[in-house]
Amino acid sequence: MTGRTFTYLILLLSLNAAAEPFTPADNDIIATARATNTAQLNQDELMALLKQSQQVGKTELRQGLLKNQLQQRYAQSATPQLGYMYARVLQREHQFSEAMAITEAVLKRDPNHINTQLLRANMLMVQGEFKAAKKQCLQLIGLTTMDVVNTCTLDVLSQDGQLAQSYQSLKNSILSNKQNDDTRHVLAEMALRLNKPDAALGHIQSIPLSNAPVSLVVLWADIHLAQGNYQKVLNTLPALVTDKQNLEDALLLRLAIAEQHYKDNSLTQWQNLMAQRVALRELRQDRFHASDLAHYYLDINKQPEKALYWAEINWQQAKLDADQQLLTRAQGASL
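Under mature numbering (1 follows the signal peptide of the UniProt record, and there is no 0), read the sequence shown as residues -19 to -1, 1 to 316, first letter to last.
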């Protein structure tokens, strides 16, 4: 689809202030974190840290600390909430088997743990298990509002060959002034996949980027790239962080693409920084960023064989519509 050639959105719907949307997957994963604080955090502090780690410039700084703390705490006391948080952190690193096992244990102890139900639905969807993901969403009936159930279910159906119908159904099922940020996020992603960037922007334009999850900021950038608003991307994304070195790979990628297409061909800052990041990821054989690497070799530094290599690795991990499109593009480019 025109303008939608980047990494996919993975959205976990929130049900309370302690569990806001999270798009783990390839956009937010950093293989090695720089945080070294080993102080014992209580459960509320861990949740606050988990929320912070979703924001721009903070995923790398928080992931290692979160994973270590939650692994230790969950081993000591396997409460449903700790299990849910630990599974979310594992999901970010595409450790789906481990994360699914933990969510299964959580739901045995607390079958009504809503966020864990949503997390399982999300992971099943990412892995292409659409029927199982839909079933997981429907198990929320009676546990939460129908708006949450509809958003979860229609998000899955949109990935299973029913994009146009799902978008229209979700848009019609909840009054626009009653939609929460999670539903707006899903609607915007659907609209962009339908090549409707103006409609996509309309769904999320009221959500401030300063505290938004990385997944939504990536979506915002994708929309503006689809509209050709390269300067908007170049002006907005760097302002979200104080240290550009902390920008997530997915955002660096979009800055590099915007810079490459901008009218001033002398600009190379973001392309150079992205090239350095790619070299680091390749040195580490960082599978978590496979989608970003495939796009880099398709859209910036055109090397079809490398693009196909990383697109195939990405497909092993994630099987959403955008992942299929990425693989198809890479296969075509390598012919």
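Just so you know, even glycine gets a beta-carbon here, dropped at the ideal spot from N, CA and C.
*Counting pairs of Cβ atoms below 8 Å between the segment 122 to 135 and the segment 156 to 170, do you hit three or more?*
yes
*Pull up the distance between the alpha-carbon of THR132 and that of GLU85, whole angstroms please.*
By one-based count along the sequence shown, residue 132 stands at place 151. By one-based count along the sequence shown, residue 85 stands at place 104. THR132 and GLU85: Cα-Cα distance of roughly 22 Å.
_Rounded distance between the beta-carbons of TYR211 and HIS242, thought under 8 Å_ = The count along the sequence shown starts at 1 and reaches residue 242 at position 261. The count along the sequence shown starts at 1 and reaches residue 211 at position 230. Right, their Cβ atoms sit about 5 Å apart.
_Span of the alpha helix (DSSP H) around VAL259_ = Residue mapping note: residue 259 aligns to position 278 of the sequence shown, counting from 1. 250 to 265 is the span of the alpha helix (DSSP H), which, as asked, contains VAL259.
*Cα separation between THR164 and ALA231?*
Position 183 of the sequence shown, counting from 1, holds the residue named residue 164. Position 250 of the sequence shown, counting from 1, holds the residue named residue 231. Distance between the alpha carbons of THR164 and ALA231: 22 Å.
_Whole runs of the alpha helix (DSSP H) within the segment 50 to 88, excluding any shorter than 4 residues_ = 61 to 73
*Tell whether a beta-carbon distance below 8 Å holds between LEU63 and LEU51.*
Stepping through the sequence shown from its first residue, residue 63 is reached at position 82. Stepping through the sequence shown from its first residue, residue 51 is reached at position 70. Result yes, Cβ atoms of LEU63 and LEU51 sit closer than 8 Å.
*What are the start and end residues of the alpha helix (DSSP H) that includes GLN24?*
To locate residue 24, count along the sequence shown from 1; it is residue 43. Looking at the DSSP string, the run of the alpha helix (DSSP H) that includes GLN24 is 24 to 33.
*Helix, strand or coil for ALA145 per DSSP?*
On the sequence shown, position 164 is the one that residue 145 refers to. In the structure shown, ALA145 sits in a helix (DSSP, three-state: H, G or I).
*Going by beta carbon distance, what residues of the same chain come within less than 7 Å of GLN120, once the five residues before and after it are set aside?*
Locating residue 120 in the sequence shown gives position 139, where the first residue counts as 1. Hits under 7 Å: GLN98.
*Starting from ASN96, follow the alpha helix (DSSP H) in both directions and report where the run begins and ends.*
Working through the sequence shown from its first residue, we reach residue 96 at position 115. First-last of the alpha helix (DSSP H) with ASN96: 95 to 107.
*What runs of the alpha helix (DSSP H), each 4 residues or longer, lie entirely inside the segment 161 to 203?*
162 to 174, 178 to 185
*Inspect the beta-carbon positions of ASP136 and PHE111 and report whether they are closer than 8 Å.*
Along the sequence shown, one-based indexing puts residue 136 at 155. Along the sequence shown, one-based indexing puts residue 111 at 130. Cβ distance not < 8 Å, so ASP136 and PHE111 don't count as in contact.
*Using three-state DSSP, classify residue 321 as helix, strand or coil.*
Residue numbering for the chain in the displayed model covers -19 to 316; residue 321 lies beyond these limits and cannot be assessed.
_Straight-line gap, PRO194 to ASN227 (C-alpha atoms, nearest Å)_ = Counting from one through the sequence shown, the residue named residue 194 turns up at place 213. Counting from one through the sequence shown, the residue named residue 227 turns up at place 246. About 15 Å.
*Would you list the one or two residues that DSSP bridges to ILE238?*
In the sequence shown, residue 238 corresponds to position 257, counting from 1. For ILE238, which the question treats as bridged, DSSP gives no partner whatsoever.
*Quick one: what's got a C-beta closer than 7 Å to TRP201's C-beta in the same chain, skipping five residues either side?*
Along the sequence shown, one-based indexing puts residue 201 at 220. For TRP201, where only same-chain residues beyond five positions count, the Cβ hits under 7 Å are ILE185, LEU190.
*Taking Cβ to Cβ, would you say VAL70 is nearer than 8 Å to LEU88?*
Within the sequence shown, the letter at position 89 stands for residue 70. Within the sequence shown, the letter at position 107 stands for residue 88. Against a cut-off of 8 Å, the Cβ pair of LEU88 and VAL70 comes out as no contact.
*Counterpart residues of THR125 in DSSP-defined beta bridges*: By 1-based counting over the sequence shown, the position of residue 125 is 144. Its beta-bridge partners are ILE122.
*With C-beta atoms as the reference, is residue 323 less than 8 Å away from ALA275?*
Lying before the first or after the last residue shown, residue 323 is absent from the chain, which here runs from -19 to 316.
_Span separating the alpha-carbon of PHE77 from that of GLN312_ = To locate residue 77, count along the sequence shown from 1; it is residue 96. To locate residue 312, count along the sequence shown from 1; it is residue 331. Their Cα atoms are separated by approximately 26 Å.
*Would you mind stating whether ILE95 and LEU124 have Cβ atoms separated by less than 8 Å?*
Here residue 95 refers to the residue found at position 114 when the sequence shown is read from its first residue. Here residue 124 refers to the residue found at position 143 when the sequence shown is read from its first residue. Closer than 8 Å, so yes.
*How should ASN295 be labelled, buried or exposed, when 16 other C-beta atoms within 10 angstroms of its C-beta is the threshold for buried?*
Start at 1 with the first residue of the sequence shown, and residue 295 comes out as number 314. With 16 or more other Cβ atoms within 10 Å, it is buried.
*Would you list the residues sitting across from GLN36 in a DSSP beta bridge?*
Position 55 of the sequence shown holds residue 36. Looking at the DSSP assignment, GLN36 forms a beta bridge with PRO194.
_GLN140 (DSSP reduced to helix, strand or coil)_ = Here residue 140 refers to the residue found at position 159 of the sequence shown. Coil at GLN140, not helix or strand.
*For VAL222, the first and last residue of its enclosing alpha helix (DSSP H)*: Residue mapping note: residue 222 aligns to position 241 of the sequence shown, counting from 1. Careful: VAL222 lies outside any alpha helix (DSSP H) and carries neither H nor E.
*Roughly how many angstroms lie between the CA atoms of SER58 and MET28, to the nearest whole one?*
For the purposes of this step, residue 58 is identified with residue 77 of the sequence shown, where counting begins at 1. For the purposes of this step, residue 28 is identified with residue 47 of the sequence shown, where counting begins at 1. Answer to the nearest angstrom: the Cα atoms are 16 Å apart.
*If I'm right that LEU236 touches TRP251 with Cβ under 8 Å, what's the distance once you round it to whole angstroms?*
Residue numbering aside, residue 236 sits at position 255 when the sequence shown is read from its first letter. Residue numbering aside, residue 251 sits at position 270 when the sequence shown is read from its first letter. Contact holds; Cβ gap of about 4 Å.
*asked:* Is any non-hydrogen atom of the ligand NAP found closer than 7 Å to the C-beta of GLN140, if you look at the structure I gave you?
replied: Although the ligand NAP was asked about, the structure shown includes no ligands whatsoever.
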